[in-house]
Amino acid sequence: MVQDATSELVLDVGDGQPIATAISCRHLRDKGLQTASFSVAQTQLYMELLENPALTPLQENDGFAFLILINAIAAAFFHKEVAAKNWHYQVNALSKQTFAAHELAAVESKYAQCDVLLLSQHGAFFNCLLLQALQLDEQKHLPMFTLIKVSDDRLFDFSGQCLTQFG
1 MVQDATSELV LDVGDGQPIA TAISCRHLRD KGLQTASFSV AQTQLYMELL
51 ENPALTPLQE NDGFAFLILI NAIAAAFFHK EVAAKNWHYQ VNALSKQTFA
101 AHELAAVESK YAQCDVLLLS QHGAFFNCLL LQALQLDEQK HLPMFTLIKV
151 SDDRLFDFSG QCLTQFG
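Be aware that the sequence shown starts at 1, since it is given in UniProt numbering, and climbs by one per residue.
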């Protein structure tokens with residue numbers, strides 16, 4: 001459902017406690033979406049992410065891990081497609097590491113580094129969920145849990161900064 005007061009997507013997980021996400025209604029695929037119950041596919045993704053050994057560092061803070069998983073599900077199922085904007089992110093010329101969906105990584109702008117969860121891969125591009133706020137330039141900041149798309153040559157090793165900032 002969309003929460004009118006904040007214009008954010010709220011997931012109904014069926015326990016009478018709707019959970020607000022960071023996705024604004026202007027970023028929804030379905031602009032007419034009013035309510036959406038937690039589906040089997042969403043539950044399956046939640047369990048897959050929760051049990052993924054690559055996401056073990058997130059288990060240091062259960063509350064943060066829960067917020068990440070809920071926003072990852074919301075982004076994967078309800079967020080409209082985003083365009084790659086590689087010019088905002090630095091190239092990782094040193095790394096030969098390959099990345100896969102449902103792993104942790106980082107991106108770097110000219111101003112800061114930010115940990116990300118790799119949600120899905122489309123060829124050489126990844127949809128990534130920011131795990132902390134990121135300053136792109138002098139005027140533009142992306143808030144935590146923003147969905148971005150970057151090419152694999154813009155990915156760096158997970159730094160763990162998000163854990164210390166949230167914790």
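C-beta: ideal position from N, C-alpha, C; glycine also.
Check: Same chain, Cβ closer than 7 Å to residue 19, five either side skipped, listed in chain order; Outcome: 10, 11, 13 and 70
Check: Reference residue 153; option with closest CA among 61, 112, 99 and 130; Outcome: 99
Check: Any beta strand (DSSP E) of 3 or more consecutive residues that is wholly inside the region 89 to 164; Outcome: 104 to 108, 113 to 122, 125 to 130 and 147 to 151
Check: Selected residue, minimal CA-CA separation from residue 66, among 127, 50 and 138; Outcome: 50
Check: Three or more C-beta pairs below 8 Å linking the region 39 to 49 and the region 68 to 85; Outcome: yes
Check: Distance, residue 55 Cα to residue 81 Cα; Outcome: 24 Å
Check: Below-9 Å beta-carbon distance, residue 75 vs any chain D residue; Outcome: Looking for chain D here will not work: only one protein chain is present.
Check: Between the CA atoms of residue 112 and residue 142 - distance to the nearest angstrom; Outcome: 11 Å
Check: C-alpha gap between residue 156 and residue 91, whole angstroms; Outcome: 9 Å
Check: Endpoints, beta strand (DSSP E) assigned at residue 56; Outcome: Here residue 56 belongs to no beta strand (DSSP E), and DSSP marks it neither H nor E.
Check: Residue 129 vs residue 117 beta-carbon contact at 9 Å; Outcome: yes
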